[in-house]
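Contents: one structure, followed by commentary.
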Amino acid sequence: MTTAPPAGAPAPPRAPAGLFTPSPTSSARPAAPPLPPVRRTPLAVAALPAVALTAYVWSAHGAKPGVLLLLGLGLGVALFHSRFGFTSAWRQLVAVGNGTGLRAHTLLLGTTATLFALVIGTGTGLFGAQPAPSAGPLGVGLVAGSVLFAIGMQLGGACASGTLFAVGSGQTSVVLTLAGFITGATLAAWQYDLWKDLPAWRPVVLADHIGWFGSWAVTIAVLLLVVWVSRRIQARRNPPPIGPVPSARGAALRAVRGSWPLAAGALALAVLGAGVLLVSGGAWGITSAFSLWGSELVGALGGHPEQWTWWRQPGNDAMLAGPVLADKTSLTDIGIMIGAAVAAALGGTWALHRGIPWRTAVASVLGGVLMGIGARLAGGCNIGAYLAGIASGSLSGWVWGAFALAGTWVGLKLRPLFGLGNPKPGDGVC
Numbered sequence: 028m029t030t031a032p033p034a035g036a037p038a039p040p041r042a043p044a045g046l047f048t049p050s051p052t053s054s055a056r057p058a059a060p061p062l063p064p065v066r067r068t069p070l071a072v073a074a075l076p077a078v079a080l081t082a083y084v085w086s087a088h089g090a091k092p093g094v095l096l097l098l099g100l101g102l103g104v105a106l107f108h109s110r111f112g113f114t115s116a117w118r119q120l121v122a123v124g125n126g127t128g129l130r131a132h133t134l135l136l137g138t139t140a141t142l143f144a145l146v147i148g149t150g151t152g153l154f155g156a157q158p159a160p161s162a163g164p165l166g167v168g169l170v171a172g173s174v175l176f177a178i179g180m181q182l183g184g185a186c187a188s189g190t191l192f193a194v195g196s197g198q199t200s201v202v203l204t205l206a207g208f209i210t211g212a213t214l215a216a217w218q219y220d221l222w223k224d225l226p227a228w229r230p231v232v233l234a235d236h237i238g239w240f241g242s243w244a245v246t247i248a249v250l251l252l253v254v255w256v257s258r259r260i261q262a263r264r265n266p267p268p269i270g271p272v273p274s275a276r277g278a279a280l281r282a283v284r285g286s287w288p289l290a291a292g293a294l295a296l297a298v299l300g301a302g303v304l305l306v307s308g309g310a311w312g313i314t315s316a317f318s319l320w321g322s323e324l325v326g327a328l329g330g331h332p333e334q335w336t337w338w339r340q341p342g343n344d345a346m347l348a349g350p351v352l353a354d355k356t357s358l359t360d361i362g363i364m365i366g367a368a369v370a371a372a373l374g375g376t377w378a379l380h381r382g383i384p385w386r387t388a389v390a391s392v393l394g395g396v397l398m399g400i401g402a403r404l405a406g407g408c409n410i411g412a413y414l415a416g417i418a419s420g421s422l423s424g425w426v427w428g429a430f431a432l433a434g435t436w437v438g439l440k441l442r443p444l445f446g447l448g449n450p451k452p453g454d455g456v457c
C-alpha cells in the first residue's frame, strides 16, 4: 500500500532519463485495440489494380518505372502500418510538448542521411542514374512557402505523404485535401512569373564544403541535439501519450496486418526512399506530380499549360510532354495510395468516412490549396524539401523545418475556427 505525500510537499525529483529511454507522459499509453477482420472486397479492389498497373508500367515503359511503382507501393504500406505522420507530430509537439513523433523524424532523417551519404558520396546508381543531392535556394520563397505549407497541413489534416496514404485508406475528408493540394500546386505553376524572382541566395550543401562524411557527421550531431531538446521539453511539460491504433498480436501477424512502431516505419521509409534515389538519381518527392496532374487536366479541358513559364523550365518541359505513368513522382505517389489501400484492407480498417461537417470540408480544401502553393514556393514539401533536404546536407531543409514549426503554431490557432480540435494537457491521449 502506498500513501500520497503530504499536501504542499514538493514532488520527488525525477531521475534523469537516458537518451534512449522512454520520455515521460502524464499517463501510460492505453493498450491498442484488437484489429477487425480483413476487408476482403477493398483488398481485392486495391490488390488487383496494384498487380495490373505494375504489369502495364513494366511492359509499356520498362523496368525503371516499374521498380519506382513498386517502391511507391512499399512506401504506402510502410506509411499506413506505422501511421508515420508529420502533421500530427508537429501538432503534438507545439500543442502539448509531446516530442515522440519528432524523435521518429530524427530517426528517419538520420537513417536517410546515412544512406544518401553512401549513395551520393560513392556515385552509386541503378539504370544509369547519377544520384544527386536535393538542395533549394535560401530566400523568401522558402520561408513563405514552408509557413504556408505548415498552416495548410494543420487545416487539411495531413501533410503531403499523409494525404496520399490517408486517401488510400479511405479517409474521405482527405480526398478534399488532395483536390485542394492539386489545385494549389497547379495555380502556383500557372502563376510562376509572379513569384519566380523572389529574393534568394544560392543553395548551400554541406558536402560541397566539408565532404560527405563531414556533412553526415554534422547532420547526425544536429539531429541528436534535436532529440535532446525535445526530451527536455517533454519532461518539463509532461504531455498525454499518443493514442494507440488497432494492432495484431504477435510479431509476424503484426508485420502484415497490425500497426508498426514508429521506429520501424522510419527505418522502412528511409530504405525505400534511398531506393528511389538509387533507381532515379533523385530523392523521393511528392508535390511536383500534383502540378503535373492539375496541368494535364487543364490541357484536357482545352487550356495550354505548355505555354506556362513553369513548364518551359529545363526538366519540367520533359515532364509535361511525357506520359504520366513514366513520371517518377507520379509513379511513387500512385503507388503510395494503392499500397496504403492494400495495407488498410489487410488491417481491416479501410472505410469510407461519410457525413463530413461543412467547416471540416472547407478546412480540407483550403488547407490543400495552401499546401500546394506553399510547396511550389518552397521548392518542395515535408518530403521533397524537409526530408530530402536535410538528408542531403542542404541548409534549405533545416530552414524549411524551422519555419514549418512556426507555421504549425499559426495553424493551431486557426483550427478552432473550422471546428477542429487541438491536443490539451489534460487529455487522455494526444
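Quick note: the sequence shown, position 125, residue 152 per our numbering, numbers continuous. Note that CB positions come from ideal geometry on N, CA and C, so glycine has one too.
Annotation: the continuous alpha helix (DSSP H) that includes K355 extends over 355-373. With 16 or more other CB atoms across the displayed protein chains lying within 10 angstroms of its CB, S257 is buried. Around the beta carbon of S274, a 10 Å sphere encloses 16 or more other beta carbons of the protein chains shown; the residue is thus reported as buried. In the DSSP assignment, T435 falls within the alpha helix (DSSP H) that extends over 422-441. Linking I383 to S200 through their CA atoms gives a straight-line distance of about 7 Å.
Under DSSP, V245 shares a beta bridge with no residue. According to the DSSP assignment, Y83 belongs to the alpha helix (DSSP H) that extends over 67-88. The beta carbon of N449 is closer than 8 Å to those of R118, A122, L439, R442, P443 in its chain, skipping five residues each way along the sequence. Between T213 and G321, the gap from beta carbon to beta carbon is short of 8 Å. In the structure shown, the three-state DSSP call for L62 is coil. In terms of Cβ geometry, I260 and G126 form a close pair [threshold 8 Å].
In this structure F113 is buried. Its beta-carbon is surrounded by 16 or more other beta-carbon atoms within 10 angstroms. Residue range 385-405 is occupied by the alpha helix (DSSP H) that includes V392. DSSP links A140 through a beta bridge to no other residue. Residue pairing by DSSP places V232 opposite S421 in a beta bridge. Under DSSP, the beta-bridge partners assigned to L165 are W228. Cβ neighbours of T139 within its own chain (closer than 6 Å, five residues either side excluded): A297, G300, A418. The secondary-structure analysis by DSSP pairs S274 across a beta bridge with P61.
Counting the other CB atoms within 10 Å of its CB gives R66 a total of 16 or more, which places it among the buried residues. Assigned with DSSP and collapsed to three states, I178 falls in helix. Boundaries cannot be given for W338, as no alpha helix (DSSP H) includes it and DSSP labels it neither H nor E.
The segment 169-183 makes contact with the segment 399-410: 3 or more CB pairs, one atom from each, lie closer than 8 Å. Here G312 carries a coil assignment [DSSP, helix/strand/coil]. The shortest C-alpha to C-alpha distance from L294 to any of T133, A82, A193 is the one to T133. The C-beta distance from A372 to P69 rounds to 4 Å, short enough to meet the 8 Å contact threshold. Per DSSP, A156 is not a residue of any alpha helix (DSSP H), being assigned neither H nor E. DSSP, read as helix, strand or coil, puts D454 in coil. One thing to note: R56 has its Cβ no nearer than 8 Å to the Cβ of V254. Setting aside the 5 residues that flank it on each side, S423 is surrounded in the same chain by A162, G163, P164, L165, L169, P230, V231, G406, A412, G416, each with a C-beta closer than 8 Å to its C-beta; the list follows chain order. Here the C-alpha atom of G308 lies approximately 20 Å from the C-alpha atom of F317. Taking a contact to require three or more Cβ pairs closer than 8 Å, the segment 83-95 and the segment 363-372 do not qualify as touching.
Contact check for G207 against V392 passes: the beta carbons are separated by less than 8 Å.
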